[in-house]
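*Asks:* Residue numbers (this note's numbering): 25 to 167. Positions of the beta carbon are idealized from the N, C-alpha and C atoms, including for glycine. Computed from a predicted model, the values in this text were never measured in an experiment.
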Amino acid sequence: MQSENEEVIKSFKRWAAMPVVQSQCPVRDVLDRLGEKWSALLIMALAERPRRFAELLRDVPDISKRSLTQTLRNLEEDGIITRQVFPTKPPAVQYRLAPLGQSMLSPLAALIGWAERSHADIKAARQRFHEMNVGIDIAHDDV
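Set out below in structure tokens:
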């Protein structure tokens, strides 16, 4: 495990040396998009099969039409999903994972697995933090 972590740390150091400006840093650029509130949930929903807008709206709890529209556009812009319009009246639109989106499924599954395994520990850490810092205004900046 130590050698695996050492390789990961080397990668982190290489990534940390990349430009800080989002448009010039591939890691930050991609993680910012994938870290958006609804992106992972939509990718998971589309992993199973292509879906229409109304299906996604129904199957992804609490997402608004506006948020769904914007997130789908963002994922399409990045080549993660494709949008197909069928020549019906009214036009039917279907979304599916593009090959680039399919290539994200294993890394996303690994992250989801880690989150499931770690969630109880994270909640406990939050609870301890709040208990230890009741009434204390904690600045998270080093400024």
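Kindly indicate which residue of Lys113, Arg82, Lys147, Ser63 has the alpha-carbon position closest to the one of Arg97.
*Replies:* If you number the sequence shown from 1, residue 97 lands on position 73. Nearest C-alpha to Arg97: Ser63.
*Asks:* Measuring alpha carbon to alpha carbon, tell me which of Asp145, Ser142, Tyr119 ends up nearest Arg73.
*Replies:* Looking up residue 73 in the sequence shown gives position 49. It is Tyr119 whose Cα lies nearest to the Cα of Arg73.
*Asks:* Would you report the Cα separation of Ile33 and Val117, rounded to the nearest angstrom?
*Replies:* Mapped onto the sequence shown, residue 33 falls at position 9. Mapped onto the sequence shown, residue 117 falls at position 93. Val117 has its alpha-carbon roughly 43 Å from the corresponding atom of Ile33.
*Asks:* Which class does Ile105 belong to by DSSP, given the choice of helix, strand or coil?
*Replies:* For this step, residue 105 is matched to residue 81 along the sequence shown. Three-state DSSP puts Ile105 in a strand.
*Asks:* Output the boundary residues of the beta strand (DSSP E) element that contains Gln118.
*Replies:* Counting from one through the sequence shown, the residue named residue 118 turns up at place 94. From DSSP, the beta strand (DSSP E) with Gln118 extends over 116-121.
*Asks:* Starting from the Cα of Ala40, find the closest Cα among Ile146, Glu60, Leu121, Arg52 and give me that residue.
*Replies:* Here residue 40 is taken as the residue at index 16 of the sequence shown, counted from 1. If we check each option's Cα against that of Ala40, Arg52 comes out closest.
*Asks:* Who are the Cβ neighbours of Ala71 in its own chain at under 6 Å, not counting the five residues just before and after it?
*Replies:* Counted from its first residue, the sequence shown places residue 71 at position 47. Cβ contact annotation for Ala71 (same chain, cutoff 6 Å, sequence separation greater than five): Leu129, in chain order.
*Asks:* Got a sec? Which residues, its chain only, sit under 8 Å from Ala122 by beta carbon, not counting five neighbours each side?
*Replies:* Looking up residue 122 in the sequence shown gives position 98. Result list for Ala122: Gly103, Ile104, Ile105, Thr106, in chain order.
*Asks:* One question on the structure: do Leu66 and Leu99 come within less than 8 Å of each other, judged by their Cβ atoms?
*Replies:* Here residue 66 is taken as the residue at index 42 of the sequence shown, counted from 1. Here residue 99 is taken as the residue at index 75 of the sequence shown, counted from 1. In contact: Leu66 and Leu99 (Cβ atoms closer than 8 Å).
*Asks:* For Leu81, which residues from the same chain have a beta carbon less than 7 Å from its beta carbon, with the 5 sequence-adjacent residues on both sides left out?
*Replies:* Looking up residue 81 in the sequence shown gives position 57. These residues qualify, in order along the chain: Ile87, Lys89, Leu92.
*Asks:* Can you tell me which of the three DSSP states Arg73 falls into?
*Replies:* Counted from its first residue, the sequence shown places residue 73 at position 49. Looking at Arg73 - three-state DSSP - the assignment turns out to be coil, as it is neither helix nor strand.
*Asks:* Taking the continuous alpha helix (DSSP H) assigned at Gln151, which residues delimit it?
*Replies:* In the sequence shown, counting from the first residue as 1, residue 151 sits at position 127. Residue range 129-156 is occupied by the alpha helix (DSSP H) that includes Gln151.
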